Each structure stands twice: as C-alpha cells, then as structure tokens.
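Number of protein chains: 2
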Amino acid sequence: MKKKLTIRDIANMAGVSHMTVSRVLNDDSRVSSETRARVLSVVRAHNFTPNPKARAFSSNKSRIIGLLVSDISNPFYAELARGMEEKAHEYDYNIMFCSELSVDKEQEALNFLLKAGVDGLVFASVRLNDSRIERLIKESFPLVLVNRELPGHACDHVVCNNRKGARILMKHLFGLGYQRIAIITGSSDLSTGLQRLEGYHSSLREKGIAIKADYIVQGAFDRETGYNGTRRFINLDERPQAIFAGNDYIAMGVLDALDEAGLTVPGDIAVVGFDNTHFAAHRRINLTTVSQRQYEMGAIGVDILIHSIEQAKTDYQHHVVLEPLLIIRESCGHRLQAAH
Amino acid sequence: MKKKLTIRDIANMAGVSHMTVSRVLNDDSRVSSETRARVLSVVRAHNFTPNPKARAFSSNKSRIIGLLVSDISNPFYAELARGMEEKAHEYDYNIMFCSELSVDKEQEALNFLLKAGVDGLVFASVRLNDSRIERLIKESFPLVLVNRELPGHACDHVVCNNRKGARILMKHLFGLGYQRIAIITGSSDLSTGLQRLEGYHSSLREKGIAIKADYIVQGAFDRETGYNGTRRFINLDERPQAIFAGNDYIAMGVLDALDEAGLTVPGDIAVVGFDNTHFAAHRRINLTTVSQRQYEMGAIGVDILIHSIEQAKTDYQHHVVLEPLLIIRESCGHRLQAAH
DNA sequence: CTGTTAGCGCGTTCAC
DNA sequence: GTGAACGCGCTAACAG
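Just so you know, the protein sequences line up as chains D and G, in that order. Residue 478 is where the first sequence starts when you use the numbering used here, and the numbers rise one by one after that. Residue 478 is where the second sequence starts when you use the numbering used here, and the numbers rise one by one after that.
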C-alpha cells in the first residue's frame, strides 16, 4: 500500500507551493486558470484527495452532521435520514446518526455525537431532556429541530402542521358523514401529540359536536396504545363511527383490535392514520392518512443547518412548517348513507 | 461561548505536563495513581473532552465506521444499522451511512465514505461494482461484507444461510402437504438470490419433485416482481399450491396479485416470505417467513470490523453464517387435506 | 496571483 | 513516572 500523498507532494510535482494546491482544492478564486489547470491535472493523475482528518483538524470543521433519533429503524426516521443524506451530500457533508435506544442513558446519545465533533445537529428525537438543548442554544451551536418544537425557546425547526393535518383528516371524515369520531393519540407532552389533539378538538367545536371524554385516549405513539384504546371504544354504549389514530402505528393497533372483534373497516368503523409510512400503502391495510413529508423535512432541515454552519451565524430564526398531504385510501369508505 | 479547553489547560491546572494528561486520558499505565486521580478530578471538574478532530488527526483514526447500503430507508438495512450502532457505541465508535441512491453514480457513495476518512467499512449494499471492493482488499482496508459474499475473494463477511433458509421454508411447505411450489425471487447475480434459489432447487430434488421452469420467476427483490410473477402463475394450467417469495417485499406483491384475483391465502394458495420485516408481522399480512436476524448481523459485522481496525491486521478470515429462524404465521394454513 | 511562515491539539519519541 | 521537543497535513495570515 503506497504512502498517501499530501498536498506538498502534489505541489512539488506541479512546481508550485502547497498553498496553491490548497487553494485550488478549496476553489479559492485567487489562482490563475493556467496554474489551476496544471495543479488539477496532477491531482487527477494521482487521484489525490486531501487528508480529511488533517482538514477537519485544521479548519475545525468535520463536515459531519449529527442526526439524533429515538430509533433509526423506525421507518419515519429512516425516511427523514434519507432526505437529510441527499441534501447533505449536495454540500459535501456526511451524516452520522445516533439512536437514543443504543446508549444507556438518553442523554448519552447526544454526547456521543458531540464527542465525535459534528458541525451541527438535527434533533428528530422527541424524548430528549430540553435543558440539553437550551445549553446548546446558549452556545449558539448549529441546531435544527425536526418534527418537534421547543415551546418557549427560539430554535430553528422544521415541522409538519400537525394541527392542520388533524383538521384535514377530520374534515375528510365529516365530509363522508361521520360524526361520532374518537381519537387515540400520543402524549400531549410532545408537540405532535398536543397539536393533533388540538386539531381534533377544534374541528369538533367548529362542527358543533360535543367533545366526549370517552372518545379520547392518549398513550404512546405505538401499536399497543391503538389496540387497547380501540378495545375500550368497542365496548362503549355508543360506539364511535370512526377512529382517528394519532399515527400509523397506532392505526395498526386499531386495525388489529377491530379485526379481532370481527368489525370491518370501513363497513363498521372508519379509520384514519397519520404519517403515511410504507405499510399504510399496502393493499391489505389501505389506510387513509396524512403525509408529513418526512423526506422533505430532512432535506430542508439539513439545508437550514448547513447554512447556519457555514455562515457561522445561528440566529435560530428559521421556522418551516410543511403542509400535510391527505392520502385517501380505502379505510374510510364512501359517504355514509344516513347521519346518525 | 467559552473557549474550548485543551489538554494543556488541564495540565496547567493539575500542575503536570500535557503528556501526563494525554496518558491519563488514554489509559496509559505509566502514570502514578495519585497523579492520575489529580488529573481526572480536574478533567471532570471542567467536563473536559479531548478535541476529537485533533485526536483523529494525530492518531490517524476517526473512530468512524462507514455503512454503505442501497437505501437506508429500507427496513432491512435500518435494522442492520441499529445492530451496528449498538455494537459500535460499545467500542466508542460512530456510524456514518451512505445510501447508493443518494449520489448520482453508485460508486460515488463509496467515495463519499472514504473521503470522510472512515476507519472501516460495512458493505451491506449488493449493487456495488466488485472491482472497487477488490481494490480495497488489496490495500487491506478494514472491510466487512454483510448480507452478501464475494465469490472468488477472501473477505470477511456475515451472512445468513440463505440456502438453508430456503430449505427450511420448503420443508415447512412440504410438511403441510404442498407439492406444487413456485418461486419468485431476485437475480442470481446476488448471492442472496442465487442461494435461495439453490435451496429451492435442492429441496425439490430431494423430495423427488420435478422442477418446472414455469414455476420459477426471477426479477428484482421488489413488490412489482412479486405482483407480476404471481399474475403469471395464476394463469397457468396447473396453478401452484404455494408461492415462495424471495423476500418480504416480493411477498407483498404476491399478496396484492392474489387479493386482486380474489384468491385467498392460505385457502387457495399459500405464501412464504423471507426477511421477517416489520410488516410481515401484521395481523392482516401474517406472513410465514424466515428471519435473517439483521440486527445481529450488523452487530457481529461491526465487532469483526473493529477488531480488524484495532489489531491493524485484516486477514479477511472471518466468515460468519447465521442460522435463519423460521417464523410461522398464518399464510400457509394447516395441513392440506389431500395431496394432489 | 503566489509563496512563506505559523500554528491547530494531539500523540510519539526520547530524554531525564 | 514524567516532561520537552517535534511532527502529523492542512488552513489562515500576511508578505511579496
């Protein structure tokens, strides 16, 4: 394995100083085009690439973006990661991820990324202790929140309009004649959980439908919560006509419980989800849901982040709100014959 | 934002030289325990962590493992990534990923990781031009292939016994009375595609069942291939009793086509998949399949890789073969009443 | 436009 | 067991 070349070697071969090589490699304008061409030909002839470690050390920039998620194997985050990656590569950055599951204490996950010397961070995880974020903000560390907000703190973020997403789904259900609509969603501690519930509330209010506590279940954003919540609804005297699941995972649990109880969808009861993850699309699931456009979320988040990093001014003034996209499938059926 | 401390600052505060601090931080034994304690107390008091960029530069080790996949949002790879991450963090390494989708030319994806200065690579992607791998092997670059092999080249790899997995599924089908079994799988250019097909062939041969060309479809490992292949089978004079899908994605397409044609599973036709991805578990899919244990694959791959990196001897002698795990669900039903 | 010089913060080497 | 001097390959600052 032949020894790795340095810019000095290239400089010698091209008959220039190593700084000229450095300038050429960094697209510095102050190099004559002939010199540039000569240097580049040597660079290409030897397939030279500058030592990334030296570069990072010297410039104090790693060109790495840290992605903090609760679990990279969750399809929502994985798609987010894809969007981030695409954009990052455009700017010649790389993505390093860390799942909070993979280190004992959640907070350690953040430290892992920080210790690695990332230039900026995307927080897609919602489980993180906020005081850590506050500290980063105080140090004006480049930072973008994705799929969550931090009430009371200015911080760049990219979110989906969760409230609107909920309202879109509710409107869709109303339009089909459904009135008795129950909801199963995640905790109001999370901005996503809170806002989707708000959308549900405000839609009912506008429609003049009383809000029934019996029709509201809050738990985790998982299948089990969907299953248990649905069991509860099924046993109600006045069973809901439709169930609004706070995300697709919950919707999975809803379908489980409904199938088990011999109830058909949408015949006996309609279901909507949230997120438009892969399985919602499957023919046997066929879930009407709303897309948060996680791929774009990731791409936009990285774009903002890289600009903060490169302009060395992180003013935390970027607040992007994506419009949710209604995806109509078969889980709500067509118009109900008669309003009850 | 207060200036970042260096080991020299710590050294001053502790009244020692920066080298002593360096030794303490690197667990070098040649430091008296009192000195060590004093240094550590200062380190902890200031929450000091050595500059990772300087460290990487100086040691020429980034403590980053590159993960090359065809698409990180594919759940198979995402779970692999989780397993890798868990193990990497144990050793204080980080994971940087790159999807081949995200750069124009597939080969660029590898360069992206290499340019970033990763210490080693996990190739989980199957689409890569093999000549690139050969070159890395020649340079004895730390490298582990996961979920694929490279025929004709010694290279560390961790794979599932695909042939055995196929045989397990076939045996399961035979045991239930199925004899006319068709297969839809990926290209034989991939070791996975080839070996699963081999398992299919050898099982039939042993059972003394003739291999019918009509019952074999090879394409991509995707849903469309499953759909199209199934349409073909449905129209056959002698329709197969069971379809062996080369992976769960293909199985999805199989189910699509079957549902569309009004055929029930397993009533009219049985289906098995491969991979045990999340959706296979869903009640409405309920696919009997085989797990490749991708999480363990990732963890084992990283373990091997880190040992290669740290021992600076990459002999490429590690070949781990994981035993596939049969996951029985409902897509094959119970014993057939009569053999045809 | 180009070159010279001086670090960046660590680890390595060799003294003591 | 400890410390001083040096160098890793690059970029930044200034000089020409």
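Think of the CB as a built atom: it goes at the ideal place given N, C-alpha and C, for glycine as much as any other residue. Please read all numbers here as calculations on a predicted model, not as lab measurements.
Cβ of Phe710/G less than 7 angstroms from any chain D Cβ?
no
Against chain G, does Pro529/D count as a neighbour if the rule is that its beta carbon must be under 7 angstroms from one of theirs?
yes
Asp736/G in three-state terms, based on DSSP
In the three-state reduction of the DSSP assignment, Asp736/G falls in the helix class.
C-alpha gap between Leu782/G and Val636/G, whole angstroms
14 angstroms
Straight-line gap, Tyr554/D to Phe651/D (C-alpha atoms, nearest Å):
31 angstroms
What does Ile572/D touch in chain G if you count any residue whose Cβ is under 7 angstroms from its own?
Residues of chain G passing the Cβ test: Met573 and Phe574.
Can you confirm whether Gly750/G, when its beta carbon is compared against all beta carbons of chain D, has any partner nearer than 7 angstroms?
no
For Asp633/D, is the classification buried or exposed, using 16 other Cβ atoms within 10 angstroms of its Cβ as the cut-off for buried?
buried
Compare the beta carbon distance of Ala734/G and Arg708/G with 7 angstroms and say whether it is the shorter of the two.
yes
Buried or exposed (CB count within 10 angstroms, at least 16 for buried), Gly560/D
Buried, since its Cβ has 16 or more Cβ neighbours within 10 Å.
What did DSSP end up calling Thr765/G once you bin it into helix, strand or coil?
strand
Cβ atoms of Ile661/D and Val694/D: under 7 angstroms apart, would you say?
yes
Opening and closing residue of the alpha helix (DSSP H) in which Asn639/G lies
Asn639 to Gly652
Closest by C-alpha distance to Ile777/D, when choosing among Ser539/D, Ala565/D, Leu482/D and Leu613/D
Looking at the Cα atoms, Ala565/D is the closest of the given residues.
Please list the residues of the stretch 753-771 of chain G that have a C-beta atom closer than 8 angstroms to any C-beta atom in chain D, keeping them in chain order.
Per Cβ criterion, the list reads His755, Phe756, His759, Arg760, Arg761 and Ile762.
Same chain, Cβ closer than 6 angstroms to Glu807/D, five either side skipped, listed in chain order
Asn763
Residues of chain D with CB under 8 angstroms from Val580/G, in chain order?
His566
Leaving out five residues before and five after Thr754/G in sequence, what residues of the same chain have Cβ atoms less than 7 angstroms from its Cβ?
Pro552, Phe553 and Asp725
CB-CB under 7 angstroms to Glu567/G, same chain, minus the five flanking residues each way: which ones, in chain order?
So the list is empty, once near-sequence residues are dropped.
Check the Cβ-Cβ distances between Ser668/D and every residue of chain G, and say whether any is below 7 angstroms.
no
Gly543/D: which of Glu773/D, Ala586/D, Val595/D and Asp780/D sits nearest, CA to CA?
Val595/D
Can you find the residues in the same chain that come closer than 6 angstroms, C-beta to C-beta, to Arg485/D, ignoring five residues on each side of it along the sequence?
His495
Do His612/G and Asp736/D have their C-beta atoms closer together than 7 angstroms?
Before going on, a small fix: residue 612/G reads as Arg here, not His. Cβ distance not < 7 angstroms, so Arg612/G and Asp736/D don't count as in contact.
Please report the distance separating the alpha-carbon of Lys530/D from that of Ser602/D.
29 angstroms
Just the chain G side, please: which residues come within less than 7 angstroms of Asp486/D by C-beta, in chain order?
By Cβ distance, chain G contributes nothing, its closest Cβ being about 17 angstroms from Asp486/D, past 7 angstroms.
What do you reckon, are the CB atoms on Ser673/D and Gln718/D nearer than 7 angstroms?
The question names Ser, but residue 673/D in the sequence shown is Arg. Taking 7 angstroms as the Cβ cut-off, Arg673/D and Gln718/D do not qualify as a contacting pair.
Ile686/G and Gly703/G closer than 7 angstroms at C-beta
Taking 7 angstroms as the cut-off, the beta carbon of Ile686/G is found no closer than this to the beta carbon of Gly703/G.
Contacting residues, own chain, Cβ-Cβ under 7 angstroms from Leu681/D (five flanking each side not counted)
Ile688
Tell whether a beta-carbon distance below 7 angstroms holds between Ile549/G and Glu562/G.
No, the Cβ-Cβ distance between Ile549/G and Glu562/G is not below 7 angstroms.
Please confirm whether Val508/G and Ala491/G have their CB atoms less than 7 angstroms apart.
no
My output table needs one value for Phe751/D: the three-state DSSP class, helix, strand or coil.
coil
Where Gly642/D falls, given that 16 or more other Cβ within 10 Å makes a residue buried:
Flag for Gly642/D reads buried.
Per-residue DSSP class, three states only, for Ser576/D
In the structure shown, Ser576/D adopts extended strand secondary structure according to DSSP, grouped into three states.
Neighbour list for Gly594/G in chain D, Cβ cutoff strictly below 7 angstroms:
Pro529 and Lys530
For chain G, check one thing: does any of its Cβ atoms lie closer than 7 angstroms to the Cβ of Arg559/D?
yes
Confirm, please, whether the CB-CB distance from Thr765/D to Ile805/D is below 7 angstroms.
Yes, the pair counts as a contact, with Cβ atoms nearer than the cut-off.
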